[in-house]
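Below: the structure, in structure tokens.
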Amino acid sequence: MDENANFEQDGRPRPTLVLPMGTGGGGFLTIPYFVAQQGWHRYPVQFSPAKVSLLLALRNAYEDDCGEPEQMRGWRHPNVLAQMIGHQTTWQPEVHTVRANMVKIEQLLRTAAKAVRKKSPEAELPPAIIERQRGFGARLALPFDVKDLTE
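Given below as structure tokens:
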């Protein structure tokens, strides 16, 4: 585990989005998990540039709402997320692409959880990264840090 990782108030390390080629390239999210008698470990989940852009837009929305109560923070509809991605990058995704990428991110994280549990059945994993709700859109369920390796 990275000794410099940021920790939540409950002592759990935060996931980290690592960007080897900067914000315009792909990257991977390191998910912390706990195994009794062994401590904290991290499992990397690789993401394409489009999925990294979506994760960064969700993170920015969450940070923009810092003055709001926790249950209200960061909710954005897919059309707003598409506009946010368009402002942050040179790529303007369609709304259905944003929805599809959210589903794919959730699938990749479920696959990672299965792989971790196969290796360590007693592993304690964090909750989902993205929370979705009809009428509200989506938001970041678990804040993460960003480590841009080009800086």
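So for the sequence shown, the working numbering puts the first residue at 1460; every next one is plus one.
Backbone N, C-alpha and C fix where the C-beta goes; we use that ideal spot for every residue, glycine too.
Partner residues in the beta bridge of Thr-1489, as assigned by DSSP, are Thr-1475 and Pro-1503. DSSP places Asp-1604 in the uninterrupted beta strand (DSSP E) bounded by 1604-1607. In the DSSP secondary-structure assignment, Ala-1597 is bridged to Arg-1535 and Arg-1591. Looking at the DSSP output, Val-1557 sits in no beta bridge, so it has no partner there. Under the DSSP assignment, Asp-1523 falls in the alpha helix (DSSP H) whose first and last residues are 1508-1523. Look at Glu-1529 here: in three-state DSSP terms it is helix.
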